[in-house]
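In what follows, a structure is listed as structure tokens, so that the remarks can point back to it.
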Amino acid sequence: MKHINIALDGPSGSGKSTVAKELSKKLNILYLDTGAMYRAAACKAISLGVDTLDEEKVSSFIGDIDLDIRYIDGTQHTFLDGKDVSARIREPEVSMAASNISSLKCVRMKMVSMQREIAKSMSCILDGRDIGSFVLPDAKYKFYITAAPEVRTARRKAELESRGFQVDFHELLKEIEQRDYNDKHRDFAPLVQAKDAILIDTSDMSVHEVLEKILSYIDR
Ligand code: DC
Numbered sequence: 009m010k011h012i013n014i015a016l017d018g019p020s021g022s023g024k025s026t027v028a029k030e031l032s033k034k035l036n037i038l039y040l041d042t043g044a045m046y047r048a049a050a051c052k053a054i055s056l057g058v059d060t061l062d063e064e065k066v067s068s069f070i071g072d073i074d075l076d077i078r079y080i081d082g083t084q085h086t087f088l089d090g091k092d093v094s095a096r097i098r099e100p101e102v103s104m105a106a107s108n109i110s111s112l113k114c115v116r117m118k119m120v121s122m123q124r125e126i127a128k129s130m131s132c133i134l135d136g137r138d139i140g141s142f143v144l145p146d147a148k149y150k151f152y153i154t155a156a157p158e159v160r161t162a163r164r165k166a167e168l169e170s171r172g173f174q175v176d177f178h179e180l181l182k183e184i185e186q187r188d189y190n191d192k193h194r195d196f197a198p199l200v201q202a203k204d205a206i207l208i209d210t211s212d213m214s215v216h217e218v219l220e221k222i223l224s225y226i227d228r
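Our numbering puts the first residue of the sequence shown at 9, with every later residue one more than the last.
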């Protein structure tokens, strides 16, 4: 197969990561979860006691952040300062912190350059917010995956509960709407559907149906 990049963008809980994982297995190409990188940057700020919106303080450490993405048995692991933080970055307190820190240009430039390097070196599916619109504007395939906020909240709640976190639906809905707002309204590389991206609303679709739909475009 020749070198291809697939951009999967959309708001949180839209089902991107589940679909991206399946797709990467089917096509036998790498899956890069770019949200994990912003989450790791947020963890670093939290561990240093730095406000995730304080551009001056964040810029003092982001350039030299010891962040590494490794694949163990085909699964992405995120390493920060040499430590596997794959579970830590999924904790609820990190979600909003990641949304905040991702609004800073210095953070985005650092993460985007790492993402471009990886995408250049091999075929991969990248899921994120700005992959089709900013990171890889020339990606061969671009999809924008969304779903109603209530559907996304229910999915996120089920996922958090499966990992032992109890959350209130309405609190979580508010948080998801706040994150959507942040991600769509930041000045630099906001969440947006790229002009040439195919829109898929997964509210009433199963993972299998979404996968089939995406594959129908790739097979063409
Ligand atoms: O996909 P996620 O929920 O793990 O992403 C966490 C945060 O990172 C999200 O609120 C927005 C940000 N993000 C981003 O700004 N750009 C990306 N390409 C991926 C994630």
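Ideal Cβ placement from N, Cα and C applies to all residues, glycine included. The model shown is predicted, which means the values in this text are computed figures rather than measured ones.
{"Check": "Report yes if the C-beta of Asp191 is less than 7 angstroms from at least one heavy atom of the ligand DC; otherwise report no.", "Outcome": "yes"}
{"Check": "Does DSSP put Phe196 in a helix, in a strand, or in coil?", "Outcome": "coil"}
{"Check": "Alpha carbons only, please: which of Ala48, Ile14 and Thr86 is nearest the one belonging to Ser32?", "Outcome": "Ile14"}
{"Check": "Looking at Leu223 and Leu134, is the spacing between their C-beta atoms short of 8 angstroms?", "Outcome": "no"}
{"Check": "Near Asp89, which residues of its chain fall below 7 angstroms by C-beta distance, leaving aside the five closest residues on each side in sequence?", "Outcome": "Asp74"}
{"Check": "Quick one: grab the DSSP three-state call for Asp188.", "Outcome": "helix"}
{"Check": "First and last residue of the alpha helix (DSSP H) that includes Thr161?", "Outcome": "Pro157 to Ser170"}
{"Check": "Quick check on DSSP: helix, strand or coil for Lys148?", "Outcome": "coil"}
{"Check": "State buried or exposed for Val215, treating a residue as buried only when at least 16 other CB atoms are found within 10 Å of its CB.", "Outcome": "exposed"}
{"Check": "Please go through the same chain and pick out, in chain order, the residues whose beta-carbon is closer than 7 angstroms to the beta-carbon of Phe196, but skip the five residues on each side of it.", "Outcome": "Lys113 and Arg116"}
{"Check": "Which residue comes first and which comes last in the beta strand (DSSP E) that contains Leu16?", "Outcome": "Asn13 to Asp17"}
{"Check": "Please name the residue, chosen from Gly21, Ala44 and Leu168, that lies closest to Ala159 on a Cα-to-Cα basis.", "Outcome": "Looking at the sequence provided, one finds Val at residue 159 rather than Ala. Of the candidates Gly21, Ala44 and Leu168, the one whose C-alpha sits nearest the C-alpha of Val159 is Gly21."}
{"Check": "Rounded to the nearest angstrom, what separates Gln201 and Ser67 at their Cα positions?", "Outcome": "28 angstroms"}
{"Check": "CB of Asp59 to nearest heavy atom of the ligand DC: below 7 angstroms?", "Outcome": "no"}
{"Check": "On the CB-based measure, 16 or more other CB atoms within 10 Å of its CB, does Leu56 come out buried or exposed?", "Outcome": "exposed"}
{"Check": "Counting beta carbon pairs with one atom in the stretch 171-191 and one in the stretch 43-58, are three or more of them shorter than 8 angstroms?", "Outcome": "no"}
{"Check": "Per DSSP, what are the beta-bridge partners of Ile206 in this structure?", "Outcome": "Phe151"}
{"Check": "Is the beta carbon of Pro100 less than 8 angstroms from the beta carbon of Leu144?", "Outcome": "no"}
{"Check": "Could you spell out the range, first to last residue, of the alpha helix (DSSP H) harbouring Arg124?", "Outcome": "Lys113 to Ser129"}
{"Check": "With a threshold of 16 other CB atoms inside 10 Å of the CB of Leu40, please say whether the residue is buried or exposed.", "Outcome": "buried"}
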